[in-house]
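2 protein chains.
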Amino acid sequence: MRPGNLLYAQSGGVTAVINATASAVITEARARKIKVLAARNGILGALREELIDTSRESAAAIRALAHTPGGAFGSCRVKLKSVEQDRARYERLLEVLRAHDVRYFLYNGGNDSADTALKVSKLAAEFGYPLTCIGVPKTVDNDLAVTDCCPGFGSAAKYTAVSVREAALDVAAMSETSTKVFVYEAMGRHAGWLSAAAGLAGKGPDEAPHLILFPERPYDEADFLVRVKKIVDRVGYCVVVASEGIRTAEGKFVADAGAGKDAFGHTQLGGVASFLAGRVKDALGLKVHWTLPDYLQRSARHLASKTDVDHAMAVGTAAVRQALSGANATIPVIKRVSQAPYRWKIESAPLEKVANHEKTMPANFLRKDGYGITQAARDYLEPLIRGEAPPPYGRDGMPKYCTLKNTLVKKKLPPWQG
Amino acid sequence: MRPGNLLYAQSGGVTAVINATASAVITEARARKIKVLAARNGILGALREELIDTSRESAAAIRALAHTPGGAFGSCRVKLKSVEQDRARYERLLEVLRAHDVRYFLYNGGNDSADTALKVSKLAAEFGYPLTCIGVPKTVDNDLAVTDCCPGFGSAAKYTAVSVREAALDVAAMSETSTKVFVYEAMGRHAGWLSAAAGLAGKGPDEAPHLILFPERPYDEADFLVRVKKIVDRVGYCVVVASEGIRTAEGKFVADAGAGKDAFGHTQLGGVASFLAGRVKDALGLKVHWTLPDYLQRSARHLASKTDVDHAMAVGTAAVRQALSGANATIPVIKRVSQAPYRWKIESAPLEKVANHEKTMPANFLRKDGYGITQAARDYLEPLIRGEAPPPYGRDGMPKYCTLKNTLVKKKLPPWQG
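Sequences listed follow chains W and H, in order.
Just so we're aligned: 7 in our numbering is position 18 of the first sequence, and the numbers increase by one with no gaps anywhere.
Just so we're aligned: 313 in our numbering is position 324 of the second sequence, and the numbers increase by one with no gaps anywhere.
See below:
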C-alpha cells in the first residue's frame, strides 16, 4: 500500500521559529519516506491547489530552514467558518487532498487552525476519505489551551526581556538631562503573556520595567500617572511596558488608532505606546520616548530562545509521528515535567481540547497592584527564554537565512472559483 | 613626579559599545598605573564634583563593562557654550580637575564634545594648568569628520539591517492576506547613515527594503505613494525604511510630533513611520504596519558588530596612549587602510578638525532615484557590520550585563552653584 503524501500548512501570524517546526516535519517525514507538500500561503494554497514540492529542496536547505524566521511557504489570515457556512471550501479542500494523494494534513497555527483541522478531520470521515489531521501548535501569543507553552512565544519573550533591559540601560544613563519615561509596546491582544515576559528584564521595584500594563487589568489613567511620577521621583526614570490590548474600565481599547477588523474578526491595534507617551508628556511634563517593535518582536530569530527552538522542532517531529502512528484529530503539546531543573516532554492532546479555547494568564501571575509579575510568573516564564540558538552568520555580517525554491507541483484540478 | 589622574566622561546619547570604550580606557590606564575617575552623568558630574573612583571596580567588572550597553557612569545632553558665554562653568571644571589632580581629560562623545574638549584644553593653557585633553569618538549617527566611521554606528547599523531583513521575511509570508506595507523608522537627524545601513538587508529591486527615505532628499509624497503602489503590485508587499529626519521640499520635518528642542538645540523627532503608514493607508487603502525601534537600535548590544566593538575598544586604548605620549587636543580616529580585505588602523587627529563639523553622506552613496543605496555605499558599510560579538548569557537566558559600584570620591570643594 502506498503511504500517501503529507500536506503541511502554516496559518496565521508567523514567528521566529515556525520554520523550525517545518524543518522538523520535513526531516521526520523524509526519514519515513513520506513526501511532504506544503501549501503556498497557508490554507489558500491548499484551496487553490498551489502545493509546493518540498522534495525539491536540498537537505542543507531544510536544515537552514530551522534557523530562518518568517514563514517559508507563506501563511495567511483566513479562517474557515462552520462546515454548514463554508461547505464549498471544505469540500474543495478534500478534493485537492484526494487529487494529490494526501493522507496526512498537518496544520501549524493557533486555536483557529486547530478548529479548522478538527473540522476537516470530521468532514473527511463523513466523506469516507482516509485522512489523518494533526494540529501543530504555534503562536507568539502563548494563548493555546492544554500545552504548557506555545512555540514562538519563548523567542518573542526573550526578545522582549532583552530589549527592555537594553533600552532601560540606555534610559538610565541619560535620564538626568534627557528621557525620563520610556514606553515599550508589546504584542498581545487579550492576554498579556509578552508583557509579562518583559518582567524578566529586572527584579525589585527599582529595576526596569517599573510598570507593566496588562490587558487583564483595566487601564486607570490617573493611577498610572501617579505611579509614573512617583517612580521618576524615586528612581530618576521610569520604564513602562504596555500590552497593545489594554482597555479602559469601560472595555474600550486604549489605542484603536488604525482600527478595523482582520479576517479572524480581531480588532487591529497599534498605538498604545504613543498614546501613553502623549499622556505622560502632557500630564506630567516629562520627556518621554516610546518604542513599537511590532513585527521585530516575533521575527527576531537572531535572538531566539534555545528552549523555544527545541520546542518548535519537537512538535514538528511529534506531529509526523502522531500522524503515522494512527492518531487522528490530535495535536502535540508541551508538558512541563519538572520546574527545577526544567524538564519537558511532548504529549498528544485531542484537537477539540485546543480548538477555539484561549488560555488566559493565571491570576497569580500578576502582582496584587496589577503592575508587575509574581515569582510564580517568573518560575513559569524563565525556562522558556533560556538558552541561545543564534543563526549562522555570513562574511557580510548578516544571518544566513535561506530562501527555498518553492516549486509548485503540477495542478490536477480545474481552478478554484472560491 | 606623580603622573596625575585621568578623568573620563561620556557625553550625549549612549550606544551599544560606548562602555567597551570605557573598559578599554580603564584597562589601558590601569596597565600604566594611572587612576581613572569617571564623571557621573557626564560633564554635569565633573562640574558637581561627582567623580566615580573606578579603581574600586574589579578587573572582572571592567571586562564585563566591555559587553554592557548604555552608559555605565551616566551621560548627559549638556553642551558648554563659548568660553565667553560659559566662563563660570569652564573655570569650575578646571577647579575640579585641579582639586583631584586630573592631568588627563578624556571626553567620549560626538562633535559637540570634541568642541568642549578643545575649549577646555585652550582654557587650561591660558590658566597655566598642565592638562591633556583628548576626544574619544562615539555616535550612532556616524557623522563625525575625519574618522572613517564612528564607534556605535556599526552595531546600530547591524541591528538595522538584521531587523529589516527579519521583519521583511515576516511581512513576505503574510502579505497576501495581511500587511502589504511595512515602515521602519531609523534614527538619524541630518544624515541618513542608519537608513543607508538598512539597505544591507537586501539586494536587487525586489528584495527589502524596497524604498529608503533619506534626510538628504526631500520627501515627495506623490512620488513616494506611486512607488509604494508599484512595488506592492509587482512584489506583493513593500518594506519602507524612513529616516526620522526626512523633510519636505520646504524644509519642514515630515514628523515633528512630540516636537521641542533638546539641550543641543536639535529638534526632537519621533513620528515619521506612523505618519507614512497613515498616508499609505489613506491614499492607497493598503494594510500597513510600522515600527519605531527608538532606543532599541542603539542599545542592542546583543547584536553588536564585532568590527564596531573592536573599533570602540581601540579608540579607548589609543586615547590613553595619546594622552600619555604628550599629545594634546587630539582625538583617535579610525582610518580605513584597505577595502578588500577590510583593514583599519587608529590615527590621531587634531580636535579642531572634528569639533562642530558634521560628516554628511557622500553623494555617490545614494542611488540616482534617491530611494536606495549604491554599491559604493555597500562597500563602505558592509565591513562595519561584520562579525558577531555576543555578550555572555546567564542560566536565566539573559545577557550578563554588569552594574558597577560607582563609588564617588570624597569632595574637596564647596558645592557648585551653577
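We put the beta carbon where it would ideally sit given N, CA and C, even for glycine.
Here the structure is a predicted model, which is why all the values come from computation and not from measurement.
(request) Using alpha carbons as the reference points, say which of R92(H), D212(H), E38(H) and R78(H) lies closest to V269(H). (result) As a working note, residue 269(H) is residue 280 in the second sequence. Nearest to V269(H) by alpha-carbon distance, out of R92(H), D212(H), E38(H) and R78(H), is D212(H).
(message) Let me check one thing: in DSSP terms, what residues is F242(H) bridge-paired to?
(response) Translated into positions along the second sequence, residue 242(H) becomes position 253. Among the bridge pairs identified by DSSP, F242(H) is matched with R236(H).
(message) Any beta carbon from chain H within less than 7 Å of L265(W)'s own beta carbon?
(response) By 1-based counting over the first sequence, the position of residue 265(W) is 276. So no, L265(W) is outside the interface.
(request) Would you check if the stretch 96 to 116 of chain H and the stretch 148 to 168 of chain H touch, i.e. whether three or more CB-CB distances between them fall below 8 Å? (result) Segments in contact, no.
(request) Identify the continuous alpha helix (DSSP H) that holds H300(H) and give its terminal residues. (result) The count along the second sequence starts at 1 and reaches residue 300(H) at position 311. Run containing H300(H): K295 to L313, per the alpha helix (DSSP H) assignment.
(request) Return no unless some Cβ of chain W is closer than 7 Å to the Cβ of R66(H). (result) On the second sequence, residue 66(H) is found 77 positions in, with the first residue counted as 1. Cβ-Cβ to chain W under 7 Å: yes for R66(H).
(request) Can you give me, in chain order, the residues of the stretch 376 to 392 of chain W that have a beta carbon less than 8 Å from any beta carbon in chain H? (result) Those residues of the stretch 376 to 392 of chain W that come within reach of chain H (Cβ to Cβ, closer than 8 Å) are G376, E377, P379, Y382, R384, D385, G386, M387, P388 and Y390.
(message) Applying the 10 Å Cβ sphere with the 16-neighbour rule, what's the burial state of R332(W)?
(response) By 1-based counting over the first sequence, the position of residue 332(W) is 343. Of the residues assessed, R332(W) falls on the exposed side of the cut-off, its CB having fewer than 16 other CB atoms within 10 angstroms.
(request) Name the one or two DSSP bridge partners that R332(H) has. (result) Position 343 of the second sequence, counted from the start, is the residue given in the question as residue 332(H). R332(H) is bridged to S327(H).
(message) Any contact between the stretch 142 to 153 of chain W and the stretch 182 to 194 of chain W? By contact I mean 3 or more CB pairs, one from each, below 8 Å.
(response) Contact holds: three or more Cβ-Cβ distances are below 8 Å.
(request) Using DSSP bridges, identify the partner residues of E408(H). (result) Because chain H spans -10 through 407 in this model, residue 408(H) falls outside it and cannot be assessed.
(request) Report the three-state DSSP secondary structure of T363(W) (helix, strand or coil). (result) Your numbering for residue 363(W) matches position 374 in the first sequence. Annotated three-state conformation of T363(W) is coil, per DSSP.
(request) Could you list which residues in chain H have their beta carbon closer than 8 Å to that of K147(W), in chain order? (result) On the first sequence, residue 147(W) is found 158 positions in, with the first residue counted as 1. Near K147(W) (Cβ distances below 8 Å), the residues of chain H are G386.
(request) Mark N353(H) as exposed unless 16 or more other C-beta atoms lie within 10 angstroms of its C-beta, in which case mark it buried. (result) The residue labelled residue 353(H) in the question sits at position 364 within the second sequence. Around the beta-carbon of N353(H), fewer than 16 other beta-carbon atoms lie within 10 Å, marking it exposed.
(message) Looking at the secondary structure, which residues open and close the beta strand (DSSP E) in which R92(W) lies?
(response) Residue 92(W) sits at position 103 when you count from the first residue of the first sequence. It spans V91 to G98 - the beta strand (DSSP E) in which R92(W) sits, taken as one unbroken run.
(request) Compare the C-alpha of V228(H) against each of I201(H), T237(H), P207(H) and R236(H) and name the closest. (result) Here residue 228(H) corresponds to residue number 239 of the second sequence, with the count starting at 1. Restricting attention to I201(H), T237(H), P207(H) and R236(H), the CA atom closest to the CA of V228(H) is found in I201(H).
(message) Quick check on G254(H): does DSSP put it in helix, strand or coil?
(response) Here residue 254(H) corresponds to residue number 265 of the second sequence, with the count starting at 1. Caution is warranted here: a pLDDT of 41 is assigned to G254(H), below 50, making its placement in the model unreliable, and no coordinate value can be reported.
(request) Return the residue from the list P119(W), G2(W), P198(W) and V85(W) that minimises the CA-CA distance to P(-8)(W). (result) Here residue -8(W) refers to the residue found at position 3 of the first sequence. Selected option, being the one with the closest Cα: P119(W).
(request) Report the residue from S288(W), R76(W) and S232(W) whose alpha carbon sits nearest the alpha carbon of E160(H). (result) Looking up residue 160(H) in the second sequence gives position 171. Note that residue 160(H) is Val in the sequence shown here, rather than Glu. The residue with the shortest Cα to Cα distance from V160(H) is S288(W).
(message) Please confirm whether I362(H) has its beta-carbon closer than 7 Å to some beta-carbon of chain W.
(response) Residue 362(H) sits at position 373 when you count from the first residue of the second sequence. No, I362(H) does not count as interfacial toward chain W.
(request) Kindly indicate which three-state DSSP category W279(H) falls into: helix, strand or coil? (result) The residue labelled residue 279(H) in the question sits at position 290 within the second sequence. Residue state, collapsed to three classes: strand.
(message) So that I know if they touch, is there some Cβ in chain H lying closer than 7 Å to that of L158(W)?
(response) On the first sequence, residue 158(W) is found 169 positions in, with the first residue counted as 1. With 7 Å as the cut-off, L158(W) counts as an interface residue toward chain H.
(request) Output, in sequence order along the chain, the residues in the stretch 45 to 78 of chain W whose CB is closer than 9 Å to any CB in chain H. (result) The residues in question are T57, P58, G59, G60, A61, F62, G63, S64, C65, R66 and V67.
(message) If you reduce the DSSP assignment to three classes, tell me which class E8(H) lands in.
(response) In the second sequence, counting from the first residue as 1, residue 8(H) sits at position 19. First, the amino acid is wrong: residue 8(H) is Asn here, not Glu. N8(H) falls in the helix class under three-state DSSP.
(message) Would N131(H) and A61(H) qualify as a contact pair, given that the criterion is a beta-carbon distance under 7 Å?
(response) By one-based count along the second sequence, residue 131(H) stands at place 142. By one-based count along the second sequence, residue 61(H) stands at place 72. Against a cut-off of 7 Å, the Cβ pair of A61(H) and N131(H) comes out as no contact.
(request) Under 7 Å between beta-carbons, which chain W residues line up against D104(H)? List them in chain order, please. (result) If you number the second sequence from 1, residue 104(H) lands on position 115. Per Cβ cutoff of 7 Å: no residues; D104(H) is ~18 Å from chain W at best.
(request) Determine whether the Cβ of T280(W) lies closer than 7 Å to any Cβ atom of chain H. (result) Against the first sequence, residue 280(W) aligns to sequence position 291. True, the Cβ-Cβ gap to chain H drops below 7 Å.
(request) With DSSP as the reference, label Q286(W) as helix, strand or coil. (result) Translated into positions along the first sequence, residue 286(W) becomes position 297. Correct three-state label for Q286(W): helix.
(request) Return the CA-CA distance between A231(H) and P282(H), expressed in angstroms with no decimal places. (result) In the second sequence, the residue the question calls residue 231(H) occupies position 242. In the second sequence, the residue the question calls residue 282(H) occupies position 293. One C-alpha to the other measures close to 12 Å.
(message) Residues of chain W with CB closer than 7 Å to the CB of D283(H), please, in chain order.
(response) Counting from 1 along the second sequence, the entry for residue 283(H) is found at position 294. By Cβ distance, chain W contributes H278, W279 and T280.
(request) Taking a Cβ distance cut-off of 7 Å, strictly less, list which residues of the stretch 15 to 34 of chain W are near chain H, in chain order. (result) Hits within the stretch, in order: N30 and L33.
(message) With distance defined between alpha-carbon atoms, name the residue in F203(H), A(-2)(H), A13(H) and S0(H) nearest to V309(H).
(response) Mapped onto the second sequence, residue 309(H) falls at position 320. Ranking F203(H), A(-2)(H), A13(H) and S0(H) by Cα distance to V309(H) puts A13(H) first.
(request) Determine the closest residue to R325(W) out of L370(W), Y382(W), L313(W) and A53(W), with distance taken between C-alpha atoms. (result) Stepping through the first sequence from its first residue, residue 325(W) is reached at position 336. Nearest to R325(W) by C-alpha distance, out of L370(W), Y382(W), L313(W) and A53(W), is L370(W).
(request) Would you decide whether K276(W) is buried or exposed? Buried here means 16 or more other CB atoms lie within 10 Å of its CB. (result) Position 287 of the first sequence, counted from the start, is the residue given in the question as residue 276(W). By the neighbour-count rule (16 or more Cβ atoms within 10 Å), K276(W) is buried.
(request) Would you mind giving the Cβ-Cβ distance between N100(H) and V343(H), rounded to the nearest angstrom? I have them listed as a contact below 8 Å. (result) Walking along the second sequence from the start, residue 100(H) turns up at place 111. Walking along the second sequence from the start, residue 343(H) turns up at place 354. Contact check for N100(H) and V343(H): beta-carbon distance about 6 Å, within the 8 Å limit, so the pair qualifies.
(message) Cβ closer than 7 Å: which chain H residues qualify as neighbours of G141(W)?
(response) Position 152 of the first sequence holds residue 141(W). Chain H residues near G141(W): none, gap ~11 Å exceeds 7 Å.
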